Amino acid sequence: MRAAIAGVAVVLAPLVGPAAQAAEVATAAQQLEWVVDATGRVPVPDAEVREHVAQVLLTAAGGTAGINAALARLGPVQVKRVVTETPDHVEAAVHGSADDYRLDLHVDAAGLIDSLRASPDDPAPSSWPEVDAQLAALGARVSFGASEILPDGSCRDVHGVRDDVQRPLGSAFKLYVLGALGRAVAEHKASWTEQLAIRDDWKSLPSGVLQNQPAGMRLPLSEYADKMISISDNTATDHLIHRLGRDAVQWQLTAFGNQRPSANVPFLTTKAMFELKATQYPARADAYLALPRWARPAAVAGLERLPLTGLQGWQAPEKIDDIEWFGSPDDMCRAFSGLQQENQPEIAHALSLNDGGLGLDRAKFPEVWFKGGSEPGVLTLNYLARTADGRSLVTSVMVSDPAAPLDENHVAARGIAVAKGAMALLAATLRP
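As numbered in mature numbering (1 follows the signal peptide of the UniProt record, and there is no 0), residues -22 to -1, 1 to 410 make up the sequence shown, in order.
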């Protein structure tokens, strides 16, 4: 949601940038050497980043700033051993600033890095007691759910830890925006091919890239959806909320079975969130919370009309239990089920672009959906994986601390390991 979210992209998912012409095409191993070196001397100059990083990766990371943020959070890095190596791909075990990782790097035909993934270099849990132990080791507040979506659309809980307790979601709230868009298309109130112009007054801050595009540039709603989900583009999100209407998005929480939709009323745009937390804090946030519920929608509309100036990032949790979007692991399973039942290929496409670092065997799990989210004190990881025999499995890891920031790299790496192990355990679980 906030600018710092781009920093954990290297842990959560492939960082998905102009390519310089080189006299020789670099191998993946040579580019790994550059990554290792660069993690120890950030910020790396823009010109140098563009000599090594493909445009597709640079764009998804949010530009050079996003690449630098990811490198800083990962490193400094030391290579422990090379696991596999081909000219265009290398996987290495590395020691980072917070954890040991497997770095997976791929280069395109020009020798530029077009994929960079970090995953935990330790075994995923192989039993539910191991899942519980690894979750407990994360500290802070944890909610976790492992479920199967049954043919009738209901969620069967297989294992959980406070899985019915609502937590701050971060950008995982964008699942509800996607659902509202799918419903609008089904009701012929919108079309995936509809062209929507970028507006300056609807722009937000990173993560994302659309805030850098000129007003008047037109994109299909499908592209807004792709960017909202795959790179958590905040400007794409806010454009969709405005296009669909706040009431329609709020209603989607009820439609998808969120157990306490009132906690999300009025439904915030990301710009409104920034205006509450990134400037005049805590005075503006306190004044907002002091308002009666009936007065808050007008206040949010007023915040959305303010210019994006004088905003600063924050490093410590800021009222994460009061100003956020909220849901439980059980709510996330029901949201995934609702999206699945909308049965629109554009929804599946958006959710499949980024697997959130899960790295499942695609022969066993041919389709993986992901949406995560974070801000200081909040990290959520939500996955749906379809098995080769057609089962839909869901895991949700939610970690939050209202008093202290999380070590995002550490929590993300461990959370991914838990989710991966839980998927294997779910796949081995027979239906009753």
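Cβ atoms here follow ideal geometry from the backbone N, Cα and C, with glycine treated the same way.
Just so it is clear, the structure is predicted and the values come from calculations on it, not from any experiment.
Checklist line | Cut-off 8 angstroms between Cβ atoms - residues of its own chain near L336, not counting five sequence neighbours on either side | finding: V346, F348, Y361, A363, I394, A397, K398 and M401
Margin query: Taking the alpha-carbon of L199 as reference, which of P192, T215 and Q189 has the nearest alpha-carbon?
Written below: Looking at the Cα atoms, T215 is the closest of the given residues.
Note to self: Give me, in chain order, the residues of the same chain whose beta-carbon lies closer than 6 angstroms to that of R145; leave out the 5 immediate sequence neighbours on both sides.
What the structure shows: S121, M376 and S378
Notebook entry, point to check: Taking the beta strand (DSSP E) that A351 falls in, what are its first and last residues?
Noted result: Residue identity check: residue 351 is Gly in the sequence provided, not Ala. Its beta strand (DSSP E) spans residues E345 to E353.
Next item on the list: Give the secondary structure of T407 by DSSP, where H, G and I count as helix, E and B as strand, and everything else as coil.
Entry: coil
Item checked: Spatial neighbours of A256 in its chain, beta-carbon cut-off 8 angstroms, leaving aside the 5 residues before and after -> R(-21), L183, L289, Q290, G291 and W292
Check: Just the Cα atoms here: how many angstroms apart are Q318 and E69?
Finding: 34 angstroms
Notebook entry, point to check: Are the region 187 to 202 and the region 257 to 266 in contact at 8 angstroms, needing three or more beta carbon pairs?
Noted result: no
Check: Assuming P295 contacts P239 under a Cβ cut-off of 8 angstroms, what Cβ separation, rounded to an integer in Å, is found between them?
Finding: That pair is no contact at about 24 angstroms.
Next item on the list: Tell me whether E2 is buried or exposed, calling it buried when 16 or more other Cβ atoms sit within 10 Å of its Cβ.
Entry: exposed
Margin query: For a quick check, are the C-beta atoms of L281 and A328 less than 8 angstroms apart?
Written below: no
Note to self: Our contact map puts V85 next to Q9 with C-beta atoms below 8 angstroms; I'd like the distance itself, whole angstroms only.
What the structure shows: 6 angstroms
Next item on the list: Counting only the same chain and skipping the five closest in sequence on each side, list residues whose C-beta sits under 6 angstroms from that of Q56.
Entry: H73
Note to self: Suppose contacts are defined by Cβ-Cβ distances below 8 angstroms. Is M206 in contact with L284 by that definition?
What the structure shows: Cβ atoms of M206 and L284: not closer than 8 angstroms.
Next item on the list: Decide if R161 is buried, meaning its Cβ has at least 16 other Cβ atoms within 10 Å, or exposed.
Entry: buried
Check: Between T373 and P275, what straight-line distance do the alpha-carbon atoms span, to the nearest angstrom?
Finding: 33 angstroms
Check: Using the C-alpha atoms, what's the distance from L231 back to T247?
Finding: 15 angstroms
Check: Which parts of the region 125 to 170 are runs of the alpha helix (DSSP H), unbroken and 4 residues or longer, counting only runs that do not cross its ends?
Finding: 152 to 164
Next item on the list: Can you tell me which of the three DSSP states A87 falls into?
Entry: coil
Next item on the list: Just tell me which of P107, T213 and D367 has its CA closest to the CA of G138.
Entry: P107
Item checked: Distance between A76 and L90 (C-alpha atoms, nearest Å) -> Cα to Cα, L90 sits roughly 27 angstroms from A76.
Margin query: Taking the alpha-carbon of G148 as reference, which of R340, A405 and G355 has the nearest alpha-carbon?
Written below: Of all alpha-carbon atoms in R340, A405 and G355, the one lying nearest the alpha-carbon of G148 is that of G355.
Note to self: Suppose the cutoff is 8 angstroms on Cβ atoms and the five residues either side in sequence are ignored; what does the same chain contact list for H217 look like?
What the structure shows: In the same chain as H217, and ignoring 5 residues on each side of it, the C-beta atoms closer than 8 angstroms to its own belong to L174, I176, R177, W180, L188 and Y202, in chain order.
Margin query: In the DSSP output, which residue or residues are listed as bridge partners for V72?
Written below: Per DSSP, V57 and Y79.
Checklist line | Buried versus exposed call for L128 [16 or more other C-beta atoms within 10 Å across all chains shown] | finding: exposed
Note to self: The alpha helix (DSSP H) that contains N212, what's its start and end?
What the structure shows: Run containing N212: N212 to L222, per the alpha helix (DSSP H) assignment.
Check: Quick one: what's got a C-beta closer than 7 angstroms to D385's C-beta in the same chain, skipping five residues either side?
Finding: The beta carbon of D385 lies closer than 7 angstroms to those of A76 in the same chain, with the five residues before and after it left out.
Notebook entry, point to check: So does the region 103 to 118 actually touch the region 47 to 67, counting three or more Cβ pairs closer than 8 angstroms?
Noted result: no
Item checked: Those runs of the alpha helix (DSSP H) which lie wholly inside the region 302 to 388 and span at least 4 residues -> 307 to 320 and 323 to 330
Next item on the list: Taking all protein chains shown into account, decide if D92 is buried (16 or more other Cβ within 10 angstroms of its Cβ) or exposed.
Entry: Here D92 is buried, its C-beta having at least 16 other C-beta atoms within 10 Å.
Note to self: Can you find the residues in the same chain that come closer than 7 angstroms, C-beta to C-beta, to D211, ignoring five residues on each side of it along the sequence?
What the structure shows: Only S185, G186, V187, L188 and K205 meet the Cβ criterion.
Next item on the list: List the DSSP bridge partners of P107.
Entry: Per DSSP, none; premise fails for P107.
Notebook entry, point to check: Is G18 near S315, with beta carbons less than 8 angstroms apart?
Noted result: no
Item checked: For G41, three-class secondary structure by DSSP -> coil
Next item on the list: List the whole-angstrom C-beta distance separating residue 414 from L52, where the pair is believed to meet the contact cut-off of C-beta under 8 angstroms.
Entry: The structure shown has nothing for residue 414, since the chain only spans -22 to 410.
Note to self: DSSP three-state label for Q230, please.
What the structure shows: helix
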